[in-house]
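Residue numbers for the sequence shown follow our numbering, beginning at 7 and rising by one. All residues carry an ideal CB built from backbone N, CA and C; glycine is no exception. Since the model is a prediction, treat every value here as computed from it, not as a measurement.
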Amino acid sequence: MFKTLVFVSALASAAFAQTSSTNTTAAAAPAGNPLIPTNISSTCTAFLTSLDSNTALAGCLSAMSTATSAFAPGSSTSSSAAVTSALTNLCSTSIDSTCPESLFRTQLANFLTACTPELVSSPVQDVLRIYDVLYLMAPMKDATCAKADDDSYCVMQSVTTARDLSNEVSESDTLAVSDLLKLLYTDNAALKRRAPVSAIVPNITTFHDTNIAFLFLNPSLAVDKLCTGCARNVLQGYMNFEGNMPYAPGLSASQILDTQDALYNAITSVCPAGFLSGAVKAAGGLGTGGPFASSAAVPAVNSKYAGVLSLALGLATLAINA
């Protein structure tokens, strides 16, 4: 479960760090900010820079980052007490009120208005990455807080240990938090040379290939893993959010969520009819080639707390510098 909670921490930290770093060099943006591409329109540049002046967004990201701070880059926490505390903080009504879904929907709508060419007609991958991070914040948090039919947190349940995170990870059932963090973000020296700000960049490949956004659920899992309350609740959470706020470029263009269509098709092909009822109508047709637009799960950091650690490290990483 650790792996899952780490992602949330990383995502929140990355987004928060981006707003902080942009603020530090606002007068020189975008040249002074390594996180804002230089080959984009002035309206898109202005919007990305203006995110820093949004106190509501900054407050939300700060609260989310603080809630999962035990799993932020540089952390070595892996105790059950830390996991329980992080989940309690992240899934509290306080975070819900500080980070309402409407906050992200508004910013995403403004993002599309200001950066339509960069997102749709002539996609710029660095801009898409920022959009991905901002888009993931609300549904990723909800996925982390999703519960199974027995009222236990889904991130506390092991999905699979199908493959390693990378060739650097052994086949052991354990993985140090520091090693996991290295796979989730890159401390980019080239970007650092552009400005005196932190340049921790999310490793999108790791996020994508592990299907970490969906708590490591992947299309190749057995029926007993796909047809569960957790699989239903996690996928429905994304589908409901997408129904209220469609992913502008189409999910097939997402650097992280383009695996959702395959996961949806796998679940609907092996689970009982109506298994995903309620969310399908809202989210259907959002992508190409299916209702939305194969990865394998990572090994456990610890047989008991694998999911939470990765999600926290991951969400902290994406958020540390979206």
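Segment limits, alpha helix (DSSP H) that includes residue i
i	result
Thr119	107 to 120
Gln163	No alpha helix (DSSP H) contains Gln163, which DSSP labels as neither H nor E.
Ser56	48 to 56
Glu248	235 to 250
Ala268	266 to 276
Val44	In the sequence under discussion, the amino acid at residue 44 is Thr, which differs from the Val named in the question. Careful: Thr44 lies outside any alpha helix (DSSP H) and carries neither H nor E.
Val229	229 to 232
Ile262	Unbroken run through Ile262: none, as it is neither H nor E.
Ala64	61 to 73
Ser103	99 to 104
Phe213	210 to 215
Contacts around residue i, its chain only, beta-carbon distance under 7 angstroms, and the 5 residues preceding and following it disregarded
i	result
Ala34	For Ala34, the pLDDT reaches just 37, beneath the cut-off of 50, and the residue's location in the model is therefore unreliable, although a value from the coordinates is still provided. Result list for Ala34: empty, nothing under 7 angstroms.
Leu109	Ala62, Leu63, Cys66
Asp155	Gly235
Tyr141	Leu114, Tyr253
Val409	Here the chain comprises residues numbered 7 to 328, so residue 409 is not present and cannot be evaluated.
Ile210	Arg135, Gln261, Ile262
Cys97	Cys151
Val229	Val276
Asp157	none
Within 7 angstroms, strictly: CB atoms of residue i and residue j
i	j	result
Thr74	Ala52	no
Arg135	Gln261	yes
Ile42	Val130	no
Ala219	Leu125	no
Ala276	Leu232	Checking the sequence, you will find Val at residue 276 rather than Ala. Yes; because the gap between Cβ atoms is below 7 angstroms, this pair is in contact.
Cys236	Cys151	no
Met251	Leu114	yes
Cβ-based neighbour list, residue i, same chain, cut-off 6 angstroms, excluding 5 preceding and 5 following
i	result
Ala120	Thr49, Cys50, Phe53
Gly280	none
Ile273	Leu232
Met143	Phe110
Thr99	none
Bridge-paired residues (DSSP) for residue i
i	result
Lys2	The structure shown has nothing for residue 2, since the chain only spans 7 to 328.
The ligand MG heavy atom lying under 6 angstroms from the CB of residue i
i	result
Pro123	Ligands are entirely absent from the displayed structure, and the ligand MG is therefore not among its contents.
Same chain only: Cβ atoms within 8 angstroms of residue i, ignoring 5 sequence neighbours per side
i	result
Asn95	Thr72, Ala73, Thr74, Ile101
Gly137	The identity of residue 137 in the sequence shown is Tyr, whereas the question assumes Gly. So the qualifying residues of the chain are Leu114, Phe117, Cys121, Leu125, Ala254, Pro255.
His214	Gln261, Ile262, Asp264, Thr265, Ser301
Pro278	Cys233
Leu282	Arg238, Leu241, Gln242, Met245, Tyr270, Ile273, Thr274
Inset, instruction - Determine contact between the stretch 231 to 247 and the stretch 258 to 274, defined as no fewer than three beta-carbon pairs at a distance below 8 angstroms. - result: yes
Inset, instruction - Could you say if the stretch 97 to 105 and the stretch 145 to 162 meet the contact criterion of at least three C-beta pairs nearer than 8 angstroms? - result: yes
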